[in-house]
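One structure is given below, encoded as structure tokens.
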Amino acid sequence: MPTSYFNESVERYAAIGVDVEKVLGVIAKVPISMHCLQGDDVGGFESPDATIGSGLAVTGNYPGKARTIDELRQDIETATRLIPGQHRLNLHAIYGDFSSGKADRNVIGTRATQKALLLALLSPNERLKEMELAGDYSGRLALMEDARMLPAGAVWEEFCRRSDTAGDLKWLDEVRAYESEVLSNR
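In the numbering used here, the protein residues as written are 75 to 260.
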């Protein structure tokens, strides 16, 4: 059930011409690719002791690295469970590495992309365009400033809830548990 904060957000966005339900319908249908989930770090599963060449800046031995295709599938399933909406998988090599574990960075990057899309969808573009064409530049600027402070977080949390996905401040606990219970034992 939506929170009262979400319901208030719907009203506030409606006041500037944004239909939040329509936005949630659009974002729920947009498939998002996990950014270069590269589970074997270029080493491959066939030859675990193979060396990496061609000047690629990869580690090949991060803690919790998937050693089998089944472990890779488990990592992918964990990440997609924590990312709301539709998913795609872009599986290939990454050049360079975060200092963090694989699970968290795949979730962080993909959720950040979805949040950027949500913010764009929540922008009152039609009203801004009308003001621009009418020469109401002060009104346009004021609307842009006011829209920046609207509670997009409540809309994001509702999107997560409808996708049966952990919301902000909750998903990281699941990643940390996965890293502790699964990745650290590899």
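Using N, Cα and C, we set each Cβ at its ideal position, and we do this for glycine too.
Checklist entry - What are the residues that DSSP puts in a beta bridge with serine 212? => result As a working note, residue 212 is residue 138 in the sequence shown. In DSSP, serine 212 forms no bridge with anything.
Checklist entry - Who does methionine 108 pair with in a DSSP beta bridge? => result Against the sequence shown, residue 108 aligns to sequence position 34. DSSP lists Leu163 as partners of methionine 108.
Checklist entry - Where does threonine 142 sit, in a helix, a strand or coil, going by DSSP? => result Residue 142 sits at position 68 when you count from the first residue of the sequence shown. Coil.
Item to check | Check whether leucine 156 and tryptophan 245 have beta carbons under 7 Å apart | outcome: Locating residue 156 in the sequence shown gives position 82, counting from the first residue. Locating residue 245 in the sequence shown gives position 171, counting from the first residue. Cβ atoms of leucine 156 and tryptophan 245: closer than 7 Å.
Checklist entry - Grouping DSSP H, G and I as helix and E and B as strand, with all else coil, what is methionine 223? => result Residue numbering aside, residue 223 sits at position 149 when the sequence shown is read from its first letter. Looking at methionine 223 - three-state DSSP - the assignment turns out to be coil, as it is neither helix nor strand.
Checklist entry - Hey, how far is the Cα of aspartate 220 from the Cα of cysteine 234? => result The residue labelled residue 220 in the question sits at position 146 within the sequence shown. The residue labelled residue 234 in the question sits at position 160 within the sequence shown. Cα to Cα, aspartate 220 sits roughly 25 Å from cysteine 234.
Item to check | Per-residue burial, glutamate 231 [other beta carbons within 10 Å of its own, 16 or more giving buried] | outcome: As a position in the sequence shown, residue 231 is number 157, starting the count at 1. With 16 or more other Cβ atoms inside 10 Å of its own Cβ, glutamate 231 counts as buried.
Item to check | N- and C-terminal bounds of the alpha helix (DSSP H) containing glycine 86 | outcome: Residue mapping note: residue 86 aligns to position 12 of the sequence shown, counting from 1. The sequence shown places arginine at residue 86, rather than the glycine named in the question. Run containing arginine 86: 78-88, per the alpha helix (DSSP H) assignment.
Item to check | aspartate 171, DSSP secondary structure in three states | outcome: By one-based count along the sequence shown, residue 171 stands at place 97. Legend: pLDDT at aspartate 171 = 45, less than 50; position of this residue unreliable, no value from coordinates given.
Next on the checklist: Under 8 Å, with one C-beta from each stretch per pair, do the region 145-155 and the region 187-206 reach the 3-pair mark?
Outcome noted: Segments in contact, no.
Item to check | Whether phenylalanine 80 touches alanine 228 by CB criterion (7 Å) | outcome: Your numbering for residue 80 matches position 6 in the sequence shown. Your numbering for residue 228 matches position 154 in the sequence shown. Cβ distance < 7 Å, so phenylalanine 80 and alanine 228 count as in contact.
Checklist entry - Exposed or buried, what is phenylalanine 172 when buried is set at 16 or more other beta-carbons lying within 10 Å of its beta-carbon? => result Here the question's residue 172 lines up with position 98 in the sequence shown. Reliability of the predicted coordinates at phenylalanine 172 is poor, the pLDDT of 47 falling under 50, and the value obtained from them is presented with this limitation in mind. By the neighbour-count rule (16 or more Cβ atoms within 10 Å), phenylalanine 172 is not buried but exposed.
Item to check | Residue burial classification, glycine 159 (beta-carbon count within 10 angstroms, cutoff 16) | outcome: The residue labelled residue 159 in the question sits at position 85 within the sequence shown. Buried, since its Cβ has 16 or more Cβ neighbours within 10 Å.
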